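Numbering (the working numbering) for the sequence shown: 1 to 289.
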Amino acid sequence: MTMRVELPEETLAGALAKAFRNRSFLIGFAITLLVAAVALLSFVWTPYDVTKLVIADKTQAPSLAHWFGTDHFGRDILSMIMVGARNSIAVALVAVGIGMGVGVPLGAFAAARGGIADEALMRVNDLVFAFPALLSAIMITAIFGPGAVNAIIAIGIFNIPVFARVARAGGLAIWPREFILAARAAGKGMTHITIEHILPNIATLLLVQGTIQFALGILAEAGLSYVGLGAQPPMPSWGRMLFDAQTRMVTAPWMAIFPGMAIVVTVLGLNLLGDGIADIFDPKSRRQR
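This is the structure:
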């Protein structure tokens with residue numbers, strides 16, 4: 001006997017319609033799509049070369065020639081924000097992929113096995129979670145030196161216990177369900193049940209958590225670059241741009257305003273997108289509507 005548990009038909013059939021009616025999802029999706037488009041565009045075109053220093057044009061105010069002004073080296077800030085977007089997205093995306101790829105199997109295994117295995121994994125999970133991304137980056141940098149790769153590793157390690165907790169909590173809520181008991185009675189093993197039944201039923205939880213961690217990853221990358229542990233010059237980074245602007249807040253405030261706005265808008269868009277996804281697939285939300 002083959003048993004397969006799927007999301008309710010109403011959820012699958014009506015998810016798209018609900019998405020178009022959900023303001024948080026639409027705004028978040030539009031902002032996220034815009035940032036991604038800007039990052040992709042920067043691979044083929046930017047208004048100016050971000051590696052070219054034009055000292056004669058340093059700290060120019062926003063104008064038709066430089067919409068967001070220039071920095072203390074004469075570099076176009078709009079071009080730097082465009083290139084910095086792809087750096088932030090790449091670091092956050094890979095870091096979330098590491099966290100999800102390692103944390104979800106660990107959490108699902110802990111929920112399935114229970115007992116000593118569950119307790120041991122969760123205690124190790126708590127130990128890793130006690131080290132924030134910045135502290136992990138400092139330790140990694142002390143060994144291997146600063147750089148975007150080390151920032152990815154640090155943020156990815158920090159994401160592992162987050163996804164492990166979400167996967168474990170979701171799995172523990174589903175394992176006692178009747179259809180899981182029926183699957184076990186039909187002779188299916190722990191791995192088979194986890195892949196076929198548990199993971200599909202916690203996919204929405206993981207997706208929402210993924211958008212949240214993506215936003216936090218962008219913030220973490222900006223923070224690491226701000227203290228010199230992220231992407232290194234001449235690669236532009238939003239956090240590095242804020243660091244360069246901190247002593248020029250009076251004479252050239254646009255150096256901080258525009259990269260700061262880029263971070264705020266991107267994180268806001270991802271959070272709205274996550275809230276929208278949660279609302280669309282939340283059964284309680286569907287009943288209220």
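Ideal placement from N, C-alpha and C gives every residue a C-beta, glycine not left out.
Bear in mind the structure is a predicted one, so any value in this text is a computation, not a measurement.
D76 - DSSP class collapsed to helix/strand/coil: As a first step, residue 76 is located in the sequence shown; it is residue number 76 there, counting from the start. D76: strand per DSSP, three-state reduction.
field: Pairwise C-alpha distance: V264 and Q213
entry: On the sequence shown, residue 213 is found 213 positions in, with the first residue counted as 1. On the sequence shown, residue 264 is found 264 positions in, with the first residue counted as 1. Rounded to whole angstroms, Q213 to V264 spans 15 Å at the Cα level.
- prompt: For I277, which option in V227, V83 and V208 has the closest C-alpha, if you only look at C-alpha atoms?
  reply: Within the sequence shown, numbered from 1, the residue matching residue 277 stands at position 277. Nearest neighbour of I277 by Cα position, chosen from V227, V83 and V208, turns out to be V208.
message: Taking a contact to mean a Cβ-Cβ separation below 7 Å, would you say A133 touches A85 in this structure?
response: Along the sequence shown, read from residue 1 onward, the residue named residue 133 stands at position 133. Along the sequence shown, read from residue 1 onward, the residue named residue 85 stands at position 85. Cβ distance not < 7 Å, so A133 and A85 don't count as in contact.
query: CA-CA distance, V96 and Q232?
result: Residue 96 sits at position 96 when you count from the first residue of the sequence shown. Residue 232 sits at position 232 when you count from the first residue of the sequence shown. The straight-line gap from Cα to Cα measures roughly 21 Å.
- prompt: How big is the Cα-Cα spacing for A164 and F25?
  reply: Position 164 of the sequence shown, counted from the first residue, corresponds to residue 164. Position 25 of the sequence shown, counted from the first residue, corresponds to residue 25. Linking A164 to F25 through their CA atoms gives a straight-line distance of about 26 Å.
message: From the DSSP secondary-structure annotation, give me the bridge partner or partners of T211.
response: Here residue 211 refers to the residue found at position 211 when the sequence shown is read from its first residue. DSSP, once it has assigned bridges, lists no residue as partnering T211.
Any 3 or more C-beta pairs closer than 8 Å across the segment 259 to 274 and the segment 211 to 227: Judged by Cβ distances under 8 Å, the segment 259 to 274 makes contact with the segment 211 to 227, as three or more pairs qualify.
Chain-order list of residues whose beta-carbon lies under 6 Å from that of I143 (same chain, five-residue window excluded): Within the sequence shown, numbered from 1, the residue matching residue 143 stands at position 143. Contacts found: none.
query: Going along the chain, which residues of its own chain have a beta-carbon closer than 7 Å to the beta-carbon of A17, five neighbours each way excluded?
result: In the sequence shown, counting from the first residue as 1, residue 17 sits at position 17. Result list for A17: empty, nothing under 7 Å.
message: On the CB-based measure, 16 or more other CB atoms within 10 Å of its CB, does L270 come out buried or exposed?
response: Translated into the one-based positions of the sequence shown, residue 270 becomes position 270. Flag for L270 reads buried.
message: Going by beta-carbon coordinates alone, are D49 and T70 separated by less than 7 Å?
response: In the sequence shown, residue 49 corresponds to position 49, counting from 1. In the sequence shown, residue 70 corresponds to position 70, counting from 1. In this structure, T70 does not lie closer than 7 Å to D49 by Cβ.
message: Once DSSP output is grouped into helix, strand and coil, what is the label at T59?
response: Walking along the sequence shown from the start, residue 59 turns up at place 59. In the structure shown, T59 sits in coil (DSSP, three-state: anything other than H, G, I, E or B).
field: Completely contained alpha helix (DSSP H) runs for the segment 148 to 200, where each covers 4 or more residues
entry: 148 to 174, 178 to 185 and 190 to 193
field: For S88, the nearest candidate out of I155, I195, I55 and A245 (CA to CA)
entry: One-based indexing of the sequence shown puts residue 88 at position 88. Cα-wise, what sits closest to S88 is I155.
message: Does T204 come out as helix, strand or coil in the three-state DSSP assignment?
response: Taking the first residue of the sequence shown as 1, we reach residue 204 at position 204. Reduced to three states, the DSSP call for T204 is helix.
task: Taking the CB atoms as reference points, tell me whether L121 and L106 lie closer together than 7 Å.
output: In the sequence shown, counting from the first residue as 1, residue 121 sits at position 121. In the sequence shown, counting from the first residue as 1, residue 106 sits at position 106. For L121 and L106, yes; Cβs fall inside 7 Å.
query: In this structure, what does DSSP give as the bridge partners for T70?
result: Here residue 70 corresponds to residue number 70 of the sequence shown, with the count starting at 1. Here T70 is bridged, per DSSP, to D76.
- request: State yes or no: is the C-beta of L206 nearer than 6 Å to some heavy atom of the ligand SAM?
  value: The ligand content of the structure shown is nil, which means the ligand SAM is not present either.
message: Between A65, F243 and A37, which has its C-alpha nearest V83's C-alpha?
response: Taking the sequence shown and counting its residues from 1, the one referred to as residue 83 is at position 83. Nearest of A65, F243 and A37 to V83, Cα basis: A37.
task: Please state if the CB of V104 and the CB of A167 are separated by a distance shorter than 7 Å.
output: By one-based count along the sequence shown, residue 167 stands at place 167. By one-based count along the sequence shown, residue 104 stands at place 104. In contact: A167 and V104 (Cβ atoms closer than 7 Å).
- prompt: In whole angstroms, what separates the C-alpha of L7 from that of S42?
  reply: Against the sequence shown, residue 7 aligns to sequence position 7. Against the sequence shown, residue 42 aligns to sequence position 42. Model confidence at L7 stands at a pLDDT of 42, short of 50, so the residue's coordinates are unreliable; what they give is reported in the following sentence. Straight-line Cα distance between these residues: approximately 39 Å.
query: Under the rule that 16 or more other beta-carbon atoms within 10 Å means buried, what is T191, buried or exposed?
result: Working through the sequence shown from its first residue, we reach residue 191 at position 191. When all chains shown are included, T191 counts as exposed.
- request: Compute the Euclidean distance between the alpha carbons of D76 and G145, then round it to the nearest angstrom.
  value: Here residue 76 corresponds to residue number 76 of the sequence shown, with the count starting at 1. Here residue 145 corresponds to residue number 145 of the sequence shown, with the count starting at 1. The alpha-carbon atoms of D76 and G145 are separated by roughly 28 Å.
- prompt: Do you know how far the Cα of M241 is from the Cα of G230?
  reply: Position 230 of the sequence shown, counted from the first residue, corresponds to residue 230. Position 241 of the sequence shown, counted from the first residue, corresponds to residue 241. When rounded, the distance between both Cα atoms is 12 Å.
- prompt: Which value, in whole angstroms, describes the spacing of the CA atoms of T51 and I198?
  reply: In the sequence shown, the residue the question calls residue 51 occupies position 51. In the sequence shown, the residue the question calls residue 198 occupies position 198. Approximately 49 Å between the Cα atoms of the pair.
- prompt: Under a three-way DSSP split, which group does L33 fall into?
  reply: Working through the sequence shown from its first residue, we reach residue 33 at position 33. Helix.
Buried versus exposed, by CB contacts within 10 Å (16 or more), I195: Counting from 1 along the sequence shown, the entry for residue 195 is found at position 195. With fewer than 16 Cβ atoms within 10 Å of its Cβ, I195 is classed as exposed.
Close beta carbons around G147, own chain, < 7 Å, minus the five adjacent residues each side: As a first step, residue 147 is located in the sequence shown; it is residue number 147 there, counting from the start. So the list reads Q232, once near-sequence residues are dropped.
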